[in-house]
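Here is the structure we will look at, set down as structure tokens.
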Amino acid sequence: MKSVAVDKCRTGDILAEDIFNRYGAVIVAKNTALNSYIVYKLNEMGIQQIRIHDDGRNSSYSDESSTYRKAKEAYRESVSDIRSIISELAAGRPLNVDKVIDISDKICCGIYDSHDILRVLNVEKDFDEYTYTHSLNVAFYTMLTGKWLNLDKDSIRTAVKAGLLHDIGKVKIPIEILNKKSHLSDEEFEEIKKHTIYGYNLVKEAKQFPEEVCRAVLSHHERIDKSGYPFAIGCEKLDIFSKILAVADVYDAMTSDRVYKKRDTPFIAFEMFKTEGVKNFDPKIVNTFLNNVSVFYVGSKVFLNTGETGKIAYIPPQSITEPVVKIGYKYVDLAKDGSRSILCMV
């Protein structure tokens with residue numbers, strides 16, 4: 001990282017440290033991509049020096065940076081590998097352990113910037129490929145979360161393997177239930193819930209994965225308030241891998257198109273985790289995840305309920321559900337403007 005004067009910063013420079021106000025509150029989060037609005041606000045508050053990363057500018061400000069292209073290419077190759085793994089299982093062949101480990105190694109060892117990874121996860125959302133992309137997305141989210149939590153390398157590898165395999169049990173669920181567009185009956189939902197046990201058995205039978213991976217596959221729908229399934233166990237019986245997996249799984253599911261619903265915006269997902277999600281998910285993991293993922297959306301284009309199109313200019317760390325949006329030449333703080341809301345990302 002390097003120290004630079006605020007008035008020398010360029011659009012797309014990435015903050016290397018949180019910036020605090022005089023009361024000790026974070027006003028701009030680490031890894032935020034700078035823009036003219038943020039620089040103006042920093043100058044307005046009398047902040048003269050900040051630290052930014054040495055390794056260039058946010059890839060979202062370049063059409064096709066080399067690092068982004070490499071991340072996208074690796075992602076698409078991994079989707080193809082996951083498709084092959086699931087097809088083999090569906091045909092009655094055993095789980096291809098070598099291929100799972102190979103994908104896991106690519107995710108853990110790839111030299112990818114977090115902004116590049118998050119951009120790929122948001123761009124490469126193919127509805128027809130959801131079965132495969134969801135598993136890969138969750139694996140990437142678990143890897144990033146593990147790094148943000150400062151887990152050791154072996155623990156991150158364990159989390160990634162669990163992410164790749166978390167929904168593998170769905171190969172045992174009838175396709176007409178998985179692809180049903182209308183409301184599931186009670187009996188159908190009970191069948192869906194069995195995928196956790198089916199998945200546990202498939203991974204366990206492979207005899208190549210640590211117990212933590214098997215347990216996380218089994219428990220990724222458990223909740224800390226005992227409202228989950230298959231066994232409704234609570235916080236004290238859930239390990240960190242199950243808790244990370246639960247957050248990554250729900251976030252990607254909410255922000256992806258499904259057979260029965262269109263995707264939600266990230267801000268709706270943030271709101272869910274900040275409200276009803278408080279009782280369901282580990283608060284440390286949720287806060288770490290949201291604080292790091294949210295900054296990625298600075299610079300993203302959005303479509304508002306007013307018919308206007310804007311760009312996210314700033315996401316307040318204390319209020320990530322209500323960003324400041326640049327519409328034309330004006331800046332609108334959604335926390336103060338009750339008439340506007342984000343309908344979708346563009």
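Straight run, no breaks: the sequence shown in my numbering ends on number 346. Just so you know, even glycine gets a beta-carbon here, dropped at the ideal spot from N, CA and C. Given the structure is predicted, the values throughout are model-derived calculations rather than measurements.
- [ ] With a cut-off of 8 Å on the beta carbons, I'd call residue 274 and residue 321 a contact; round off their distance for me.
- [x] Reading the sequence shown from its first residue, position 274 is the one you call residue 274. Reading the sequence shown from its first residue, position 321 is the one you call residue 321. Residue 274 to residue 321, Cβ: 6 Å. Contact.
Task: Cβ contact (3+ pairs, closer than 8 Å) linking the stretch 184 to 199 and the stretch 106 to 114 - done: no
TODO: Please classify residue 183: is it buried, with 16 or more other beta-carbons within 10 angstroms of its beta-carbon, or exposed?
DONE: Looking up residue 183 in the sequence shown gives position 183. The residue is exposed, with fewer than 16 neighbouring Cβ atoms inside 10 Å.
- [ ] Leaving out five residues on either side along the sequence, give the residues of the same chain with a beta carbon under 6 Å from the beta carbon of residue 175.
- [x] Working through the sequence shown from its first residue, we reach residue 175 at position 175. There are no such residues.
TODO: Measure the alpha-carbon distance for residue 291 versus residue 165 and round it to whole angstroms.
DONE: Position 291 of the sequence shown, counted from the start, is the residue given in the question as residue 291. Position 165 of the sequence shown, counted from the start, is the residue given in the question as residue 165. Spanning the two alpha carbons is a distance of roughly 26 Å.
TODO: For residue 345, write down the residues that DSSP places opposite it in a beta bridge.
DONE: Counting from 1 along the sequence shown, the entry for residue 345 is found at position 345. Residue 345 pairs with 302.
- [ ] For residue 189, count neighbouring Cβ atoms within 10 angstroms of its own Cβ and tell me buried if that reaches 16, exposed if not.
- [x] Position 189 of the sequence shown, counting from 1, holds the residue named residue 189. Burial call: exposed.
Open item on the list: Let's see if you can read the secondary structure: which residues bound the beta strand (DSSP E) around residue 332?
Closed with: Mapped onto the sequence shown, residue 332 falls at position 332. Its beta strand (DSSP E) spans residues 330 to 333.
Open item on the list: Just to confirm my understanding: we take residue 254, look at its own chain, exclude 5 residues before and 5 after, and list those with CB closer than 6 Å. What are they?
Closed with: Residue mapping note: residue 254 aligns to position 254 of the sequence shown, counting from 1. Here the set comprises 264, 269.
Task: residue 173 to residue 91 span [Cα, whole Å] - done: For the purposes of this step, residue 173 is identified with residue 173 of the sequence shown, where counting begins at 1. For the purposes of this step, residue 91 is identified with residue 91 of the sequence shown, where counting begins at 1. So the alpha carbons of these two residues sit roughly 13 Å apart.
- [ ] State buried or exposed for residue 346, treating a residue as buried only when at least 16 other CB atoms are found within 10 Å of its CB.
- [x] Position 346 of the sequence shown, counted from the start, is the residue given in the question as residue 346. Exposed is the call here.
Task: C-alpha distance - residue 26 paired with residue 280, whole-angstrom precision - done: One-based indexing of the sequence shown puts residue 26 at position 26. One-based indexing of the sequence shown puts residue 280 at position 280. Rounded to the nearest angstrom, the two C-alpha atoms are 26 Å apart.
- [ ] Express the C-alpha separation of residue 123 and residue 16 in angstroms, rounding to a whole number.
- [x] Indexing the sequence shown from 1 puts residue 16 at position 16. Indexing the sequence shown from 1 puts residue 123 at position 123. One C-alpha to the other measures close to 25 Å.
Open item on the list: Once the 5 residues before and after residue 61 are set aside, which same chain residues still bring their CB inside 8 Å of it?
Closed with: For the purposes of this step, residue 61 is taken as the residue at position 61 of the sequence shown. Below a pLDDT of 50, predicted positions are generally treated as unreliable, and residue 61, at 48, falls in that range; the measurement from the model is reported next regardless. 11, 12, 33, 299.
Open item on the list: As a quick exercise: from 244, 234, 235, 309, pick the residue whose alpha carbon is nearest that of residue 217.
Closed with: Numbered from 1 along the sequence shown, position 217 holds the residue referred to as residue 217. Ranking 244, 234, 235, 309 by Cα distance to residue 217 puts 244 first.
TODO: Could you tell me whether the stretch 69 to 87 touches the stretch 100 to 111, where touching means 3 or more Cβ pairs closer than 8 Å?
DONE: yes
Open item on the list: Suppose you measure from the CA of residue 204 to the CA of residue 318; what does that come to, to the nearest Å?
Closed with: As a working mapping, residue 204 is identified with position 204 in the sequence shown. As a working mapping, residue 318 is identified with position 318 in the sequence shown. Going from the Cα of residue 204 to the Cα of residue 318 covers about 42 Å.
Task: residue 178 versus residue 193: straight-line alpha-carbon distance, rounded - done: Residue mapping note: residue 178 aligns to position 178 of the sequence shown, counting from 1. Residue mapping note: residue 193 aligns to position 193 of the sequence shown, counting from 1. Taking the straight line joining both Cα atoms gives about 11 Å.
Task: Per DSSP, the bridge partner or partners of residue 33 - done: Indexing the sequence shown from 1 puts residue 33 at position 33. Beta-bridge pairing links residue 33 to 14.
Open item on the list: To the nearest angstrom, how far is the alpha carbon of residue 213 from that of residue 19?
Closed with: The residue given as residue 213 occupies position 213 in the sequence shown. The residue given as residue 19 occupies position 19 in the sequence shown. Going from the Cα of residue 213 to the Cα of residue 19 covers about 37 Å.
- [ ] Would you kindly check if the distance between the Cβ of residue 37 and the Cβ of residue 329 is under 8 Å?
- [x] Start at 1 with the first residue of the sequence shown, and residue 329 comes out as number 329. Start at 1 with the first residue of the sequence shown, and residue 37 comes out as number 37. Not closer than 8 Å, so no.
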